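The structure under discussion appears below in the form of structure tokens.
Number of protein chains: 2
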Amino acid sequence: MKKLINKVEDVIKEQMQGMAAAHPELKVNLEPKYILRSDSASQSKVVIISGGGSGHEPMHTGFVGKGMLDGACPGEIFTSPTPDQMYECAKASHNGKGVLFLVKNYTGDVMNFEMAAEMLNDEGIKTQNILIDDDVAVKDSLYTAGRRGVGTTVIMEKIVGAAAEAGYDLEQCAALATKINSYGRSMGMALTSCIVPAAGKPNFDIDDDEIEIGVGIHGEPGRKRIAMITCDEITSILTNAILDDEAYTRKIKEWDFDSNDWKEIELISPPFKKGDKMIALVNGMGSTPVSELYGVYRKMNEICENKGITITRKLVGSYMTALDMQGCSITLVKVDDEILKLWDKPVHAPGLRWGI
Amino acid sequence: MKKLINKVEDVIKEQMQGMAAAHPELKVNLEPKYILRSDSASQSKVVIISGGGSGHEPMHTGFVGKGMLDGACPGEIFTSPTPDQMYECAKASHNGKGVLFLVKNYTGDVMNFEMAAEMLNDEGIKTQNILIDDDVAVKDSLYTAGRRGVGTTVIMEKIVGAAAEAGYDLEQCAALATKINSYGRSMGMALTSCIVPAAGKPNFDIDDDEIEIGVGIHGEPGRKRIAMITCDEITSILTNAILDDEAYTRKIKEWDFDSNDWKEIELISPPFKKGDKMIALVNGMGSTPVSELYGVYRKMNEICENKGITITRKLVGSYMTALDMQGCSITLVKVDDEILKLWDKPVHAPGLRWGI
């Protein structure tokens, strides 16, 4: 294993120290681990916090900053952060306007964020959890009941961050985030595996002429393992899987502030249709040159145009990675005027910046 | 070879088409190949153009945009663009205020940009060439007489782009660019090789436990091949090589508008010293996770602090790549008030954006 690391057990800590040195506008806490906007607690706004296993950078730590996340809790690599990280992060940043947790649908993340939300609500700090489950590749997977949470997370963090900045209250932020989750769909693929430092060997085996269609961001299996095909063929499979996905209905949990307990609600993601306008994310898995992602963008855009779907905003780059995996994912999030207006607001985080 | 490409011969063309689809504010020309700001020819400002072999994206095509480059000419992968690309790119974008070519020191690039500059000056379009030769690793190399041009290019393109936007004339832009070249130093290293699509196999051989210190951005050999060491050890070698580099004196060519011919001038890069303030670029070679680059930043910043050198601005990410090579490079550019003020100006290019 050749990586730019020192001792395996110090990897996350030292990378966070590097972020602290590079970005003095962030507050980096090591025990327990979280990264905050230095000014969160002195603001008067809903606090937006996310987190998850490390290894997906710049998500989430790189998205902490004005107009996006207030805080992020990094777990060990590909491992959920613990409830005390989320609890302490929220305690250190909240300012009386409530806390919104944005949670990708992985069993450990969901369980731990729920525990943290319960602890905070018990103390009278109003906290709501929003699930992201946008991966059309598989229904259930290695670490998930239901669809996995992937690229829509990046789009949601940007837009809900802008909403909180603009003065949305907790209920409004939660409603917006839930809408974005119901508007977003993603699918990914892998050309290669990735190496987790603590393991020192590829996370899964894949032959030199094979690819994994529908892969998860930890290398978990997707829809099918097939022989290598062209960029256009890969892009067509991913894009069509997203555009042809039917209505997806599931039960999600929401905190009910009246009964002080969880309640289940039904959430439906309506299928995309002709005339829809989209934010697109063409995402690299870590080791994919940005030039190749533009090759993917070319074909994805062509397919969308042919189906009467318009890409109005886009990100092309490695925003949600799986360490050094080669591959890509495509995310499309349907937009309306509210979403578009918030997308265009300024953002200043290490991993995403404009307007400031 | 597994890459997100179609036919090898269409790679550059299709990636440019993807950029055109994603960035309607750019004008993408395929015969000959160049990318322009759509509004360049209607501006009244010095036109800043760069170019070089493809495979280093986002450099240079991703740096075309308001506040940075007006145009970029991509060659085939790791191959210089041709004089007609540079000539046509300049013809399509110039607006009477002159053209500045920013040229990395590789034999083919230098020769072809000189030919293009001669053609343009012969037609009365005032054109100046600026060399970037900032790589302290080696004196001469596989493709270079003198030091290679690497990371200072990114910093220069941002700052000189801002200067042109602010109304600097051709002579002032050229003087600023030359100053930045004399203020910049870089060194890189590789953990792995990279695969050029047309070759289909690694560009050079390197063992599983070896690294190349001082590698070039095409994988050309550097200072030494050594056994794998830690991130801190690698970072120390690169940072100290930059900080301990002595005065570097060389002859560079400049167009003399009086005699209408080239003249040679002597350029000296004074050594860095205690009290200097820097813009730092911690750059990934293509397949290095941004999290690992923060590990590099941590140690680099510590070494600089211990030597009384302050990092005042920074970029951490993959800005000048070598396809899918794993590795990193460090660039430090000494700043003064003029450079810092221009660095902070807005920029809006696909690969670098803030303030707009």
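In the order they appear, the protein sequences are chains A and B. Residues in the first sequence are numbered consecutively from 43, following the numbering used here. Residues in the second sequence are numbered consecutively from 43, following the numbering used here. A virtual CB, placed ideally from N, CA and C, is assigned to each residue, including glycine. Nothing here was measured: the structure is a model prediction, and the numbers come from that model.
So, with DSSP's three-state summary, where would you put residue i?
i, result
"Ala269 of chain B", "strand"
"Lys55 of chain A", "helix"
"Met43 of chain A", "coil"
"Thr149 of chain B", "helix"
"Leu382 of chain A", "helix"
"Gly369 of chain B", "strand"
"Tyr185 of chain B", "coil"
"Val375 of chain B", "strand"
"Ile174 of chain A", "strand"
"Ser228 of chain B", "strand"
"Ala240 of chain A", "coil"
"Glu252 of chain A", "strand"
"Val192 of chain B", "coil"
"Gly359 of chain B", "strand"
"Asn71 of chain B", "strand"
"Ile351 of chain A", "coil"
"Ala64 of chain A", "helix"
"Phe155 of chain A", "helix"
"Val180 of chain B", "coil"
"Val50 of chain A", "helix"
Name, please, each residue of chain B whose Cβ falls closer than 8 Å to the Cβ of residue i.
i, result
"Arg395 of chain A", "Arg395, Trp396"
"Asn325 of chain A", "Near Asn325 of chain A there are no residues of chain B at all, since even the closest Cβ is about 12 Å away, more than 8 Å."
"Asp366 of chain A", "Ser329, Thr330, Pro331, Gln368"
"Met270 of chain A", "Lys44"
"Gly95 of chain A", "Within 8 Å Cβ-Cβ: nothing; Gly95 of chain A doesn't reach chain B, min ~12 Å."
Does the Cβ of residue i have 16 or more other Cβ atoms within 10 Å, making it buried, or fewer, making it exposed?
i, result
"Asp176 of chain B", "buried"
"Asn245 of chain B", "buried"
"Trp304 of chain A", "exposed"
"Thr121 of chain B", "buried"
"Ala391 of chain A", "buried"
"Glu130 of chain B", "buried"
"Lys387 of chain A", "buried"
"Ser84 of chain A", "exposed"
"Leu240 of chain A", "It is worth fixing the name first, because residue 240 of chain A is Ala in this sequence and not Leu. Its Cβ having fewer than 16 others within 10 Å, Ala240 of chain A is exposed."
"Leu184 of chain A", "exposed"
"Ile381 of chain B", "buried"
"Gly166 of chain B", "exposed"
"Gly242 of chain A", "exposed"
"Glu51 of chain A", "exposed"
"Ala269 of chain B", "exposed"
"Asn302 of chain B", "exposed"
"Ala179 of chain B", "buried"
Which chain A residues are close to residue i, counting only those with a beta carbon under 9 Å from its beta carbon?
i, result
"Asp274 of chain B", "Asn48, Glu56"
"Thr195 of chain B", "Here the premise fails: no neighbours, minimum Cβ distance about 17 Å."
"Ala64 of chain B", "Ala322, Val324, Tyr336, Tyr339, Arg340, Asn343, Ile353, Lys356, Val358"
Under 9 Å Cβ-Cβ, which residues of chain B neighbour residue i?
i, result
"Val338 of chain A", "Leu46, Gly60"
"Leu233 of chain A", "Lys44, Lys45, Leu46"
"Thr363 of chain A", "Pro331, Val332, Ser333"
If the cut is a Cβ gap below 7 Å, which residues of chain A does residue i touch?
i, result
"Pro100 of chain B", "Val332"
"Ile381 of chain B", "Here the premise fails: no neighbours, minimum Cβ distance about 19 Å."
Name, please, each residue of chain B whose Cβ falls closer than 7 Å to the Cβ of residue i.
i, result
"Ala204 of chain A", "Going along chain B, no residue has its Cβ under 7 Å from Ala204 of chain A, so there is no contact; the nearest lies around 16 Å."
By the criterion of Cβ-Cβ separation under 8 Å, what are the contact partners of residue i in chain A?
i, result
"Thr281 of chain B", "Within chain A, no residue comes near Thr281 of chain B; the closest Cβ sits about 13 Å away, beyond 8 Å."
"Gly104 of chain B", "Val332"
"Ile253 of chain B", "Lys44"
Shorter than 8 Å from the beta carbon of residue i to some beta carbon of chain D?
i, result
"Thr121 of chain A", "No chain D is present in this structure, whose protein chains are A and B."
Quick check on the DSSP output: what are the complete beta strand (DSSP E) runs of length 3 or more inside the stretch 197–226 of chain B, in order along the chain? Counting only runs of 3 or more, we get nothing.
With three or more beta-carbon pairs closer than 8 Å as the criterion, would you say the stretch 282–302 of chain B touches the stretch 61–69 of chain B? Output reads no: the stretch 61–69 of chain B does not touch the stretch 282–302 of chain B.
Answer yes if the stretch 339–353 of chain A comes into contact with the stretch 67–78 of chain B, meaning at least three C-beta pairs across the two stretches below 8 Å, and no otherwise. No: the two stretches stay apart, fewer than three of their Cβ pairs being nearer than 8 Å.
Complete runs of the alpha helix (DSSP H) confined to the stretch 73–126 of chain A [at least 4 residues]: Within the stretch 73–126 of chain A, no complete alpha helix (DSSP H) run reaches 4 residues.
Could you tell me whether the stretch 219–233 of chain B touches the stretch 310–325 of chain B, using the rule of 3 or more Cβ pairs below 8 Å? Yes, they touch.
So, do the stretch 199–206 of chain A and the stretch 94–109 of chain A have three or more beta carbon pairs nearer to each other than 8 Å? Contact holds: three or more Cβ-Cβ distances are below 8 Å.
Would you say the stretch 207–221 of chain B touches the stretch 183–191 of chain B, given that touching needs at least three Cβ pairs under 8 Å? Short answer: they don't touch.
Residue ranges of each alpha helix (DSSP H) run of no fewer than 4 residues wholly in the stretch 262–341 of chain B, ordered along the chain? Those alpha helix (DSSP H) runs which fall completely within the stretch 262–341 of chain B and span 4+ residues are 273–285.
Would you check if there are 3 or more beta carbon pairs closer than 8 Å linking the stretch 123–138 of chain A to the stretch 87–97 of chain A? Contact between the stretch 123–138 of chain A and the stretch 87–97 of chain A is present: 3 or more CB-CB pairs across the two stretches fall below 8 Å.
Would the stretch 329–349 of chain A and the stretch 242–257 of chain A be scored as touching if the rule is three or more Cβ pairs under 8 Å? In this structure the stretch 329–349 of chain A does not lie against the stretch 242–257 of chain A, because fewer than three pairs of beta carbons, one per stretch, are closer than 8 Å.
Measuring CB atoms only, is the stretch 316–331 of chain B touching the stretch 364–375 of chain B, in the sense that at least three cross pairs come out at less than 8 Å? At 8 Å Cβ cutoff, the stretches touch.
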